[in-house]
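Protein chains in written order, with UniProt numbering: chain A, 1 to 227; chain B, 1 to 227.
C-beta: ideal position from N, C-alpha, C; glycine also.
Inspection log for the structure reproduced underneath, given as structure tokens.
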DNA sequence: TCTTGTCGAATTGTTCAACGATCCTTACGT
DNA sequence: ACGTAAGGATCGTTGAACAATTCGACAAGA
């Protein structure tokens with residue numbers, strides 16, 4: 001009995017250590033970057049930002065290192081940190097990774113709860129699309145793929161996917177027409193979900209490959225000229 | 001003509017930025033950890049190490065952040081950094097990731113050069129085994145799997161695999177009998193290579209699954225009691 | 001006009017010293 | 001045995017300082 005309580009409480013443990021100015025600053029910057037407040041390619045001045053956030057330069061630098069490792073910032077020696085501006089090769093590589101991670105995911109027999117999470121994301125995307133909220137479709141779509149990858153049941157893969165999607169968001173910010181990119185995939189998500197539910201592994205994998213190939217091409221043609 | 005020269009030189013660009021004390025310190029510490037000089041669980045004192053390496057505490061802290069993100073160090077607030085001591089769940093998760101990354105790799109049709117790299121690693125392992133050099137077998141084995149994963153053709157996956165293997169090395173350091181763990185896999189590597197060369201994808205994938213499952217079990221039973 | 005050398009301002013890289021906050025240990029009292 | 005208080009050690013963070021590097025501008029030379 002007591003063991004159960006201990007095991008339950010142990011899950012809250014990570015929230016305890018949750019502090020450190022540098023990490024909190026990193027959280028803020030991460031959010032600002034992903035919402036587009038800081039645009040790809042923009043330089044982040046140590047002096048300006050440390051003053052704006054009220055932390056010392058040293059602490060801010062620690063935050064920069066963290067985000068650099070997540071590939072959201074780029075560190076150029078003696079020149080400062082810049083919001084990462086992914087190249088076309090980066091986009092290709094990101095989709096290469098997605099094919100591996102999501103491809104492995106759809107071959108698993110999903111648990112009921114995991115399936116519910118995916119279904120929920122599909123529904124959210126459909127609801128947002130019905131209201132012409134393409135920003136909302138985008139975030140629901142991200143949740144869909146995040147939930148999809150979590151079928152692998154690996155915390156490390158979940159974390160990698162989180163970072164990957166954050167990096168992809170940098171690419172989205174350079175595009176001007178979010179609707180053209182997100183609209184076609186609302187229906188595809190629904191179709192993919194059906195294939196997963198009915199455990200047609202090979203069909204799901206094939207459908208996913210086509211899905212990602214389409215998305216990658218679409219993204220690259222919209223992205224290439226703007227560099 | 002000039003364009004060609006420019007393009008060629010541009011390839012050397014990454015080598016330029018290659019400095020920064022913090023990164024060099026991180027390189028040193030990473031090496032020390034992977035060679036077992038710093039043992040898993042050990043605390044790394046900021047004061048002691050900064051003095052020993054002749055760098056300031058602030059710079060050292062930046063290095064710590066880098067290695068923390070690679071999961072080689074663990075940061076406990078107000079208590080300092082420790083060499084990571086992976087849990088049994090961590091080991092399971094690492095193998096979960098390996099199954100995904102290596103499983104995707106063996107399903108690809110390999111290029112000639114990539115295949116050569118793998119074959120070379122197999123041979124190195126066999127040579128080292130013939131001389132009872134089990135440390136050598138271990139590093140050759142790591143090269144084998146690194147080369148295997150590189151079949152995916154993704155820089156990001158290569159990088160992830162590098163980190164994953166570095167983390168696994170932490171586990172190896174806690175074990176006392178490296179031979180018992182590495183010996184069975186010399187032959188298996190050879191067999192897996194044959195399946196890949198002949199492009200028997202499904203067979204290779206099945207063989208790999210068995211391979212990794214075996215390795216994981218072996219590692220965990222040798223690891224569990226020592227915690 | 002185009003290239004090259006030089007200078008100065010601006011910013012980063014790194015160090016140092018300091019102080020409060022937090023943790024761990026020890027000793028104490030009940 | 002248990003809770004508590006005191007003390008030392010170490011981390012977290014700051015602020016200032018200086019060296020190193022980059023960048024733009026401007027002048028000198030071909």
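Beta-bridge pairing of residue i - partner residues as DSSP gives them
i	result
residue 74 of chain B	B/82
residue 44 of chain A	A/81
Unbroken alpha helix (DSSP H) run spanning residue i, endpoints
i	result
residue 158 of chain A	155-174
residue 143 of chain B	134-149
residue 199 of chain B	Unbroken run through residue 199 of chain B: none, as it is neither H nor E.
residue 127 of chain B	112-130
residue 109 of chain B	Neither: residue 109 of chain B is in no alpha helix (DSSP H) and is coded neither H nor E.
residue 56 of chain A	Segment: none, residue 56 of chain A is in no alpha helix (DSSP H) and carries neither H nor E.
residue 34 of chain A	21-34
Beta-carbon separation (whole angstroms), residue i vs residue j, contact threshold 8 Å
i	j	result
residue 149 of chain A	residue 102 of chain A	6 Å
residue 50 of chain B	residue 29 of chain B	Incorrect: roughly 12 Å between the Cβ atoms, too far for contact.
residue 84 of chain A	residue 152 of chain B	Not confirmed; about 22 Å, so no contact.
residue 65 of chain B	residue 66 of chain A	6 Å
residue 125 of chain B	residue 141 of chain B	6 Å
residue 77 of chain A	residue 111 of chain B	Their Cβ separation, rounded to whole angstroms, is 34 Å, which puts residue 77 of chain A and residue 111 of chain B out of contact at 8 Å.
residue 82 of chain A	residue 36 of chain A	Going by Cβ atoms, the distance from residue 82 of chain A to residue 36 of chain A rounds to 15 Å, so no, they are not a contact pair.
residue 167 of chain B	residue 86 of chain B	6 Å
residue 235 of chain A	residue 45 of chain A	Nothing in the structure corresponds to residue 235 of chain A, since chain A is present only between 1 and 227.
residue 207 of chain A	residue 195 of chain A	6 Å
residue 230 of chain B	residue 129 of chain B	Lying outside 1 to 227, the shown extent of chain B, residue 230 of chain B is not represented and no answer is given.
residue 100 of chain A	residue 189 of chain A	The Cβ separation is near 19 Å, so there is no contact.
residue 147 of chain A	residue 117 of chain A	4 Å
residue 181 of chain A	residue 222 of chain A	7 Å
residue 47 of chain B	residue 115 of chain B	With a Cβ gap of about 50 Å, residue 47 of chain B and residue 115 of chain B do not count as contacting.
residue 55 of chain A	residue 109 of chain A	Incorrect: roughly 48 Å between the Cβ atoms, too far for contact.
residue 98 of chain A	residue 53 of chain A	Not confirmed; about 33 Å, so no contact.
residue 106 of chain B	residue 60 of chain B	With 8 Å as the limit, residue 106 of chain B and residue 60 of chain B do not qualify as a contact, their Cβ atoms being about 41 Å apart.
residue 215 of chain A	residue 160 of chain B	Actually they do not touch by this definition, with Cβ atoms about 22 Å apart.
Are three or more beta carbon pairs between the segment 148-164 of chain A and the segment 81-97 of chain B nearer than 8 Å? yes
Cβ pair count under 8 Å reaching 3, the segment 126-135 of chain B against the segment 67-78 of chain A: no
Taking 8 Å as the cut-off, does the segment 170-178 of chain B touch the segment 198-217 of chain B (at least 3 CB pairs, one atom from each stretch)? no
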